[in-house]
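Asks: This is the structure I have questions about; it appears just below.
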Amino acid sequence: MSNSIFGIATSGLAAAQAGLLTTSHNIANVNTDGFSRQEVVQNTPAPHYSGAGFLGAGVSVQTVRRAYSAFLELQVRASGAQAAAAEELRMQLAGLEDLLADPAAGLAPALNDFFQGAHDLAAHPADAASRQALIARADALAARFVDLDAQLSRLRAGVNQQIESVVGTINAFAARIAELNRRIVEAGARGAQAQPPNDLLDQRDALLRDLNREIAATAVAQADGTINVFLGSGQAIVVGGNAYALAAAPDPESPQDIAVGVQTGVTLLRLRGADIAGGRLGALLEFREQDLPAVRNALGRIAMSLAAQWNDVHELGQDRTGAPGAAFFAAGSPAAIARSTNAGNAQLGVAIADYSALTASSYRALWDGAAWQVTRLPDGASWSFAALPQTVDGVAISVAAGTPQPGDSFRIEPTAAGAGSFAVLVREPSRIAAAAPIRTASGAANTGSGTVSAGAVNAPPPPNANLAQTVTITFTGAATFDVSGTGTGNPTGLAYTPGAPISFNGWTIEISGAPAAGDRFIVEANAGGVSDNRNMLRLAALQTGRTLEGGSASYADAYGQLAAAIGNRAREAQVSGEALGKLAEQARVAQQSLSGVNLDEEAANLLRYQQAYQAAGKALAIADALFGTLLELGGR
Amino acid sequence: MRISTSLLYGLGAERISRQQAEWARTQRQLSTGQRVLSPSDDPLAAAQALRTAQSKSLAEQFAANQGAARDKLAAAESVLGQAGEAIQDARALLVQANAATLTDADRAALALALRGRQEQLLALANSRDANGDYLFSGYQGTTRPFAASAAGATYYGDEGERSLPVASGRTLAVSASGAAVFDRVPTGNGRFVVTPGAANAGSGTHDGGAVADASLVTGDRYRIRFAVAAGVTTYDVTDLTTSATLVSGAAYVSGRAIVFDGLQVAISGAPADGDAFDVEPSGAKSVFAALEEAADLLAAPAAGTAARAALANGITAGLQSLDQALESVLEARARMGAHLAELDSLGALVSAGKIRDETELARLTGLDYAEAASRFAAQQTALEAAQRSYLRITGLSLFQFI
């Protein structure tokens, strides 16, 4: 009987001790990341039968259980992946946005300043200081373009570096999960009655959570207690005790970038931003594939269009020395990059045919053996051509050399290099072509009321070789005139319509009013025309000319659209980042309300188990006293 | 619901730092005066602000151009005003020289004075602006437009007109070429010119003529020829272009207008037999050539009937030329005056546009200080409450009691 009391009291002591141990473990791990609160599960062993019924046999500790819900854990993991992706994208876009919108560093102020310089020069065409100022402002504009491009390159290099380091982190996590899988199997195999290795499971869950912040991954539990981890696209990175590393290697399509994929044998199964459902890697890839090229292309488009259109007008003018205007700006050229794994030796040639039709996109041209498939990135619009050359969105694509093999692919970057090599070619202030190369005069002896316009040089450059030849228009009557001068072919008896354009030798003039017979009008070289600002006025008008986007946007408009588009993306990322952050926090709160350690609760538990221990000890003391009573009986 | 202790600490601190970030953001808005700190705050407003900023910078540019245009116009206008005075002085001298009582010596003195006016006018026509560019040389700002020559002065400029954009869609001419103002002044009365025959022997003088009926004017050349037979003076009018005789043997009355083909010319005095007056469409002559001719005329002695008549006719032609010159100078001056007046109204327009752009910018990205200040205070209160309650919550623990 008292044996029984001893046994029962001892089992109570042991249970209370286990409770105290577990509670102290909980308290000790209050700040351990990923730790799940543990509790002792105790029950009553089978009672002893006696004539008076069943007598209890004390208590036994069945197991130590962690407060854990697979569902809540899944929520934390998934929302964590989403929130980490949104946060990463938000951070990257904020950097890009600061670059574009900074009033001191953006393009808009430099563009405004430059055209202000053009206007100043138009107001003072003979003034050397105004000419010098325009070159200085052009230099500032060029520096801004080059600097923006360099900063974009730095962002790109930074993103590539981060991608490499994220891939490294993912591989390390995968390896540790595989390692924990092995240890969990070993722990589970120990002893006849398998008990869950709670702390190892917690560690593995914490690793999975961390892994999900880098890349969204699903875990599938196996019967032996291990988990297999799959990426969104189905590739396994952990199977049982084995981890399969993600590979990061230079991209064959664009060698500056790091491509991420799963190495299966010799082929790299490439992962793109769209293949990854969440986590920082997905955001980094998306940013590098979408936002960075969009900004770089849009900037390049502004740079190339400005350079080409300004040069076109500048080359129609005449500089301070009387020479024809030369090219003013240089900008980068369009490029076609052959994939490094192409089988054929074809090289594509790319040129801009129409600046107003250009988009801010890159293209991929693929020779499938029968046709060229040209795809616009990233929106996927495509064209199919049996043969090149063809023009797509203002970009003329041709085969420059060699023969393609089926499957050969080329990346076409019409404007990406535009901003990076933007430069000012005109260094001498006197070489700015502010004047027009021709001027008009009316004969001193004219008796009619005819007047002649100032005249304009026809676009596009190069100007006509006979542009500066003196041409005389002589009226032979009120409605007819003769033209004489080198290059005109000396036509006679041309019909006169007041105000109608008359074009010869690459210029256009208008004569209006009523000239009398014998009246003469002369078009001649603008020798000494240093105060003429006609060409500079044409150049300054480019500021507001809608020369981009099919004639709907000026340079500043195009830049505004770019800043707004990135602003919108950043706003979107910010809003979804906040929402996903909230969701992740709620999931964490829900999960922690089950699994987290509450110190007050643990304090109560400490008291509970302490009292249980003291009570069991008292029961032992009473059993001892009972035993003493028996001994005393024998001694009497 | 159970509260995890570490989450209690973590979330509390996290929320406080978020509130602090918002508070700092409001502070940044207050210190910069900008509601939109980066495009993502309001992408649409940010893009519109970029466009408005360009429009504002363009308005500033137009204002600067207006200033430059005003300077150039004012400089040219003042020079033209002085040129008008010089021409009027010269005209007064010529009128004075017409008096019959003057001796050759008196006229020679007047000729000298006239040359003085010519030089003054030449200097004015060669004026430069503040940048050192010649005002009246067309496009050739560094070319001296007029150089004195035996025939008065030669023009080396061109007919170019310098212009500046002064408002959206408005380009204003800010110069006048010397060709139009000084070099190509119409001769005669602007429509036709009366030239007495070089061999005229009588005392016939003309009045310069006038257009009687513009609808009949042909632009042909005519000759009025006098015949004196038996003390009776008659005249014929011949159209030299068509060789048609328009008037034949009409009786001459001194001072009465001779009218043909819409033109009228009054001839006074007593023309001799065979004296002729040619009537031709106006040509062009520089004001310097007109002054040169007038001075030469006054410097030469005039004795005898024919010479006196030639002098009177020369003075009439000179006066006509000076009137035409004055007219072209005044016309150029009036055009500049009109441009200056237009600049004043455009200035108001452009500055109104600039103010509109500034208002628009303030509306798009500017800060409502009252709202931001009250938000700042509210955020501060919320932050303080969060900090205090965090301290109270985290200060409570059952372990303090056992």
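So the sequence lines, in the order shown, correspond to chains A and B. For the first sequence, this note's numbering assigns the number 4 to the initial residue and increments by one for each residue that follows. For the second sequence, this note's numbering assigns the number 730 to the initial residue and increments by one for each residue that follows. Quick reminder that beta carbons are idealized off the backbone N, C-alpha and C, glycines included. All of these numbers come straight from a predicted model, not from anything done at the bench.
Residues bridged to residue 56 of chain A by DSSP?
Replies: Reading the first sequence from its first residue, position 53 is the one you call residue 56 of chain A. Looking at the DSSP assignment, residue 56 of chain A forms a beta bridge with A/53.
Asks: Roughly how many whole angstroms lie between the Cα atoms of residue 78 of chain A and residue 593 of chain A?
Replies: Working through the first sequence from its first residue, we reach residue 78 of chain A at position 75. Working through the first sequence from its first residue, we reach residue 593 of chain A at position 590. Cα-Cα distance, rounded: 9 Å.
Asks: What does the alpha-carbon distance come out to for the pair residue 422 of chain A and residue 338 of chain A?
Replies: Taking the first residue of the first sequence as 1, we reach residue 422 of chain A at position 419. Taking the first residue of the first sequence as 1, we reach residue 338 of chain A at position 335. Distance between the alpha carbons of residue 422 of chain A and residue 338 of chain A: 13 Å.
Asks: Who are the Cβ neighbours of residue 1005 of chain B in its own chain at under 6 Å, not counting the five residues just before and after it?
Replies: Residue numbering aside, residue 1005 of chain B sits at position 276 when the second sequence is read from its first letter. 926, 952, 954, listed in sequence order.
Asks: Looking at the secondary structure, which residues open and close the alpha helix (DSSP H) in which residue 74 of chain A lies?
Replies: Position 71 of the first sequence, counted from the start, is the residue given in the question as residue 74 of chain A. 73–104 is the extent of the alpha helix (DSSP H) around residue 74 of chain A.
Asks: Whole-angstrom Cβ separation of residue 755 of chain B and residue 1108 of chain B, contact assumed at under 8 Å?
Replies: Your numbering for residue 755 of chain B matches position 26 in the second sequence. Your numbering for residue 1108 of chain B matches position 379 in the second sequence. The pair is a contact, with the Cβ atoms about 6 Å apart (cut-off 8 Å).
Asks: Using a Cβ-Cβ cut-off of 7 Å, state whether residue 1006 of chain B counts as contacting chain A.
Replies: In the second sequence, the residue the question calls residue 1006 of chain B occupies position 277. No - not a single Cβ of chain A is within 7 Å of the one on residue 1006 of chain B.
Asks: Check for me: the alpha helix (DSSP H) holding residue 112 of chain A runs from which residue to which?
Replies: In the first sequence, the residue the question calls residue 112 of chain A occupies position 109. Note, residue 112 of chain A: alpha helix (DSSP H), 110–126.
Asks: Please decide whether residue 869 of chain B counts as near chain A, where near means a Cβ-Cβ distance under 7 Å.
Replies: The count along the second sequence starts at 1 and reaches residue 869 of chain B at position 140. Closer than 7 Å: yes.
Asks: Residues in its own chain within less than 8 Å of residue 195 of chain A by CB, not counting five upstream and five downstream?
Replies: Translated into positions along the first sequence, residue 195 of chain A becomes position 192. The predicted model places residue 195 of chain A with a pLDDT of 49, which falls under 50 and marks its position as unreliable; any figure quoted below should be read in that light. Within the same chain, residue 195 of chain A has no close Cβ partners at all.
Asks: Examine chain A for any beta-carbon lying closer than 7 Å to the beta-carbon of residue 790 of chain B, and answer yes or no.
Replies: As a working note, residue 790 of chain B is residue 61 in the second sequence. True, the Cβ-Cβ gap to chain A drops below 7 Å.
Asks: Could you say which of A/523, A/250, A/334 lies nearest to residue 308 of chain A if we only look at CA atoms?
Replies: Residue 308 of chain A sits at position 305 when you count from the first residue of the first sequence. That would be A/334, whose Cα lies nearest to the Cα of residue 308 of chain A.
Asks: Put residue 1123 of chain B into one of helix, strand or coil per three-state DSSP.
Replies: Stepping through the second sequence from its first residue, residue 1123 of chain B is reached at position 394. Helix at residue 1123 of chain B.
Asks: What does residue 894 of chain B touch in chain A if you count any residue whose Cβ is under 7 Å from its own?
Replies: By one-based count along the second sequence, residue 894 of chain B stands at place 165. The contacting residues are 540.
Asks: Flag residue 906 of chain B as yes if its beta-carbon sits less than 7 Å from any beta-carbon of chain A, otherwise no.
Replies: Locating residue 906 of chain B in the second sequence gives position 177, where the first residue counts as 1. Residue 906 of chain B does not count as touching chain A.
Asks: Is it the case that the region 425–435 of chain A contacts the region 317–337 of chain A, given that we only count it when at least three CB pairs across the two stretches are under 8 Å?
Replies: As far as the Cβ criterion goes, the region 317–337 of chain A touches the region 425–435 of chain A, which means the pair count is three or higher.
Asks: Among the residues of its own chain, which have a CB less than 7 Å from the CB of residue 1126 of chain B, if the five just before and after it don't count?
Replies: Position 397 of the second sequence, counting from 1, holds the residue named residue 1126 of chain B. Within the same chain, residue 1126 of chain B has no close Cβ partners at all.
Asks: Could you name the residues of chain B that residue 100 of chain A contacts, counting a contact when the two beta carbons are closer than 7 Å?
Replies: Residue 100 of chain A sits at position 97 when you count from the first residue of the first sequence. Within chain B, the residues near residue 100 of chain A are 767, 768, 769.
Asks: Would DSSP call residue 855 of chain B helix, strand or coil?
Replies: Locating residue 855 of chain B in the second sequence gives position 126, counting from the first residue. Three-state DSSP puts residue 855 of chain B in coil, outside helix and strand.
Asks: Taking a cut of 9 Å between CB atoms, which residues from the region 945–964 of chain B lie near chain A?
Replies: Answer set for the region 945–964 of chain B: 948.
Asks: Would you list the one or two residues that DSSP bridges to residue 884 of chain B?
Replies: To locate residue 884 of chain B, count along the second sequence from 1; it is residue 155. Answer by DSSP bridge pairing, in chain order: B/875.
Asks: My output table needs one value for residue 1075 of chain B: the three-state DSSP class, helix, strand or coil.
Replies: On the second sequence, position 346 is the one that residue 1075 of chain B refers to. Of the three classes helix, strand and coil, the one that applies to residue 1075 of chain B here is helix, per DSSP.
Asks: On the three-state DSSP scale, how would you describe residue 259 of chain A?
Replies: By one-based count along the first sequence, residue 259 of chain A stands at place 256. Looking at residue 259 of chain A - three-state DSSP - the assignment turns out to be coil, as it is neither helix nor strand.
Asks: Can you tell me which of the three DSSP states residue 195 of chain A falls into?
Replies: Reading the first sequence from its first residue, position 192 is the one you call residue 195 of chain A. The pLDDT assigned to residue 195 of chain A is 49, lower than 50, so where the model puts this residue is not dependable; a value taken from the coordinates is nonetheless given after this. In the structure shown, residue 195 of chain A sits in coil (DSSP, three-state: anything other than H, G, I, E or B).
Asks: Going residue by residue through the region 430–470 of chain A, where are the continuous beta strand (DSSP E) segments of at least 3 residues, counting only ones entirely within it?
Replies: Qualifying beta strand (DSSP E) stretches, in chain order: 441–445.
Asks: Specify the secondary structure class of residue 1018 of chain B as computed by DSSP and reduced to three states.
Replies: By one-based count along the second sequence, residue 1018 of chain B stands at place 289. Of the three classes helix, strand and coil, the one that applies to residue 1018 of chain B here is helix, per DSSP.
Asks: Contact criterion: CB-CB distance below 7 Å. Does residue 195 of chain A meet it with respect to chain B?
Replies: For the purposes of this step, residue 195 of chain A is taken as residue 192 along the first sequence, with counting starting at 1. Low local confidence applies: a pLDDT of 49 at residue 195 of chain A is under 50, so the model's placement there is unreliable, with the coordinate-based value given in what follows. No, residue 195 of chain A does not count as interfacial toward chain B.
Asks: Helix, strand or coil for residue 42 of chain A per DSSP?
Replies: Sequence index remark: in the first sequence, residue 42 of chain A carries index 39 (1-based). Three-state DSSP puts residue 42 of chain A in a strand.
Asks: Take residue 40 of chain A and list the residues in its own chain whose beta-carbon comes closer than 6 Å to its own, dropping the five residues that flank it on each side.
Replies: By one-based count along the first sequence, residue 40 of chain A stands at place 37. So the qualifying residues of the chain are 29, 70, 598, 600.
Asks: Could you tell me the alpha carbon to alpha carbon distance between residue 398 of chain A and residue 356 of chain A, rounded to whole angstroms?
Replies: As a first step, residue 398 of chain A must be located in the first sequence, where it is residue number 395. As a first step, residue 356 of chain A must be located in the first sequence, where it is residue number 353. Approximately 6 Å, taken between the alpha carbons.
Asks: Closer than 7 Å, CB to CB, is residue 574 of chain A near chain B or not?
Replies: As a working mapping, residue 574 of chain A is identified with position 571 in the first sequence. Chain B, which has a Cβ nearer than 7 Å to the Cβ of residue 574 of chain A, makes this yes.
Asks: Measure the alpha-carbon distance for residue 80 of chain A versus residue 368 of chain A and round it to whole angstroms.
Replies: Within the first sequence, residue 80 of chain A is the residue found at index 77, counting from 1. Within the first sequence, residue 368 of chain A is the residue found at index 365, counting from 1. Their Cα atoms are separated by approximately 40 Å.
Asks: For residue 451 of chain A, I'd like the list of residues in its chain whose CB is within less than 6 Å of its CB, leaving aside the five on either flank, ordered along the chain.
Replies: Taking the first sequence and counting its residues from 1, one reaches residue 451 of chain A at position 448. If we look at residue 451 of chain A and ignore the five residues flanking it on each side, its Cβ neighbours are 517, 518, 519, 522.
Asks: Mind listing the chain B neighbours of residue 442 of chain A? Cutoff is C-beta to C-beta under 8 Å, in chain order.
Replies: Numbered from 1 along the first sequence, position 439 holds the residue referred to as residue 442 of chain A. The answer, in chain order, is 867, 868, 887, 888, 889.
Asks: Taking only runs that begin and end inside the region 977–1016 of chain B, name each unbroken beta strand (DSSP E) of 3 or more residues, in chain order.
Replies: Whole beta strand (DSSP E) segments, 3+ residues: 986–989, 992–997, 1005–1010.
Asks: Taking residue 409 of chain A as the reference, give the member of A/403, A/348, A/468 with the closest Cα.
Replies: By one-based count along the first sequence, residue 409 of chain A stands at place 406. Cα-wise, what sits closest to residue 409 of chain A is A/348.
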